[in-house]
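Using my numbering, the first residue of the sequence shown is number 18, and each one after it goes up by one.
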Amino acid sequence: MIGEHVVDEVRARADIVEIIGEQVNLKRAGKEFRALCPFHHEKSPSFYVHPSKGFFKCFGCGESGDVFSFLMKRSGLGFQDAVRELAARYGIEIPDERAQEGEEPHRAIYEAVAFAADLFRENLLDETLGSGARAYLERRGISLDAAERFRIGYAPQEWRRLREAAHRHGMDDELLLQAGLVKESDRSEEPYDRFRDRLIFPIADIGGRLVAFGGRALGSSGDGVPKYLNSPETPIYHKGQMLYGLNWSRGAIRRDGSALIVEGYMDYVSLASRGIDNVVAGMGTALTVEQASLLARYSGKVLLLYDSDAAGLKATFKTAEALLRAGVHPLVVTLPAGEDPDSIARQGGSEALHPYLAGAVDVMERKIAMLHERGYFNDIESVRRSLDKLLPTIRATVDPTLRDIYIARVAERTGVRRETLEEETSEPEQIPFAPRRPQPPRQRPQRPMAEAHSTERLLVLLLLRDPARIAAVAQRMTDTDFHDPRYRAIFQELVAGRRAEDLPEVLGPAAVSALEELRKDPIEIMEANITFEAAVADMRVPGLFLQVQYVNDRLEKAAEEQQTELMRQKIELQAELQQLGDTGLSVWKKSVRHRGWSGSPGRRQNPPNNES
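And the structure:
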């Protein structure tokens, strides 16, 4: 049995909005969040999540409970399994009397990092040892309360202070090397501390468990001394998969509907300590697709708040491309020359930053404006070179609507035909825009059903054209069956009883843009009833596959008395999969005609079978 104190810790650490929000499309309603109930069919939202109290309640069907209850009801877990799943997610260790020593291979590394964090904090508060570091923080406008909140510490200019303290606590050099706390040298037989004379920023995983450190030099960064120094890759720290501060800021990012990305730890602390909570910082390297995908779990919009110098702009556009590949819409915040987020926040507080945040522009618009300022559209050669700058942004964009907007905007600004731009950006290679050499004739692949005409898009189009179908689809699907947030938002409002003509008043800008495109779409849908059934089937199949996989995973571990019920669930799911497969893609190609195109909706690559 899991101890009650562990259950209480997991309950306190688990973010109920995050857990429920991954399965239900929550919308803020005052201090709570609301949605259509996932436990029964309804047209108007009556399902509420109360983050401050840590529970949910549906006033329609009466379902209620805490974060454990939700997982148990929604995923079919037992109480102990729900606690264990959340504990693993938030880095909370569950003691097991039967566990053999060494079963947790990285426990000692976590303990070494936690020990180092405590020592760095003690150094900062030491009257003599930390006086210089505290003075630096004061000059940067960071209070000791803020330093305590973000666990900031100090590593003094001593070669082996941490190592010797760790030895006194029974931690050997091998462990300290594994944790990235010491380094080896060819000039000395003994390892030495990695961080010296640096302000230390502990780095935590998404659950708040410390895994690494970032250190900012307090002295001169000349003579080859880097301004920032991070822990190396370790068994518990992979910097390309983490973002500094996300463990503190993820709730605020979800509430605000957007995230700010800054370059350094000091920028993060400066903004977060002044009330700008929806912020994260990179790990000293270019943003990776993994980091962008992690951020996409919490927001579909990101404001890039980098320095305005040449290096900052280069980092801005590289980061933007990573975000676009993850389906996130990046906006660029332009700061005055010579300023950075920290300097503006120190001078005028968070209010001083608000005008710049409000003036953020789309990354493509920012690129076009910069190229215009530099005369890139003045002659033919300049226009050709401008495309070298613009096409990578289009190629990186996976959102079909945003990609279409970018192509139209670039065509308008450069005068290059839209068809030419589409051909250039259809190829994945990041090659400069240049005249092609003659190639031998080849059969170009037939253009598939465009991404803009995906299953979700077509289903919403059918609902807009024939509102009588809304009641039928609401009985068979929920908003969780939608991946695209624009079509999910339109679907939610239609199911809630909103008239199509009233939708622009309640939808966000992206969904309104998608709605306008749908209204103008000339697509001719033959045999609408068959197409409707095919679209519903195609959207239901991925979720059913996941359910089958989940049941298979449980079967492997289930006790004998549970296996009969799980096998029954599996057979029912497979039967539904087979039935949906008969009404899905096989009829799609017969039902859609659009400018002579034909193809699949692109959501599912292979029809389901009985081997799932």
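Ideal placement from N, C-alpha and C gives every residue a C-beta, glycine not left out.
Please state whether DSSP places residue i in a helix, a strand or coil.
i    : result
Y107 : coil
I220 : strand
Y323 : coil
A298 : strand
Y393 : coil
I36  : helix
S160 : coil
V41  : coil
H184 : helix
H67  : strand
K384 : helix
E201 : strand
Y82  : What sits at residue 82 in the sequence shown is Gly, not Tyr. Looking at G82 - three-state DSSP - the assignment turns out to be strand.
A52  : strand
L304 : coil
L227 : strand
V400 : helix
D98  : helix
D483 : coil
K90  : helix
P62  : coil
I293 : coil
Q460 : With a pLDDT of 34 at Q460, under the threshold of 50, the modelled position of this residue cannot be trusted; read the value that follows with caution. Looking at Q460 - three-state DSSP - the assignment turns out to be coil, as it is neither helix nor strand.
L524 : coil
Y499 : The identity of residue 499 in the sequence shown is Phe, whereas the question assumes Tyr. In this structure, F499 counts as coil in the three-state DSSP scheme.
P353 : coil
List the residues that DSSP assigns as beta-bridge partners of residue i.
i    : result
H346 : K318
L246 : G232
A172 : R215
R166 : Partner(s): none; R166 has no beta bridge.
V279 : A298
T251 : Y254
Y423 : Per DSSP, none; premise fails for Y423.
A46  : E49
D379 : L348
Check for me: the beta strand (DSSP E) holding residue i runs from which residue to which?
i   : result
F73 : F72 to C75
Mind checking which residues open and close the alpha helix (DSSP H) that includes residue i?
i    : result
N264 : L263 to D273
H22  : E21 to R30
Y209 : Segment S205 to D210 is the beta strand (DSSP E) holding Y209; no alpha helix (DSSP H) there.
D143 : Careful: D143 lies outside any alpha helix (DSSP H) and carries neither H nor E.
A369 : P358 to A375
D190 : D190 to Q195
E441 : R435 to T442
E510 : P502 to V512
I487 : I487 to R493
Given a cut-off of 9 Å on the beta-carbon distance, is the pair residue i and residue j in contact?
i    : j    : result
E250 : G197 : yes
K406 : Y423 : no
Y283 : N247 : The question names Tyr, yet the displayed sequence has Met at residue 283. Going by C-beta atoms, M283 is not nearer than 9 Å to N247.
L320 : A276 : yes
V350 : A327 : no
A339 : V286 : no
F230 : F167 : no
A369 : A362 : yes
V199 : R211 : yes
V296 : G262 : yes
Q195 : Q258 : no
G170 : P219 : yes
V23  : V84  : no
L235 : A182 : no
Y315 : L216 : no
L94  : V27  : no
I278 : A298 : yes
R503 : A485 : no
P62  : K48  : no
L43  : V66  : yes
V631 : D496 : With the chain covering only 18 through 629, there is no way to say anything about residue 631.
R639 : Y209 : Any answer about residue 639 is impossible in this case: the structure gives the chain only from 18 up to 629.
For my contact list, residue i and residue j are in at a C-beta cut-off of 8 Å; report their separation, rounded to the angstrom.
i    : j    : result
K318 : G274 : 7 Å
L404 : V380 : The Cβ separation is near 16 Å, so there is no contact.
V490 : L475 : So it is not a contact: roughly 12 Å between Cβ atoms.
E510 : L520 : 6 Å
A513 : K74  : Actually they are not in contact, since the Cβ atoms of A513 and K74 sit about 19 Å apart, beyond 8 Å.
F499 : E473 : 6 Å
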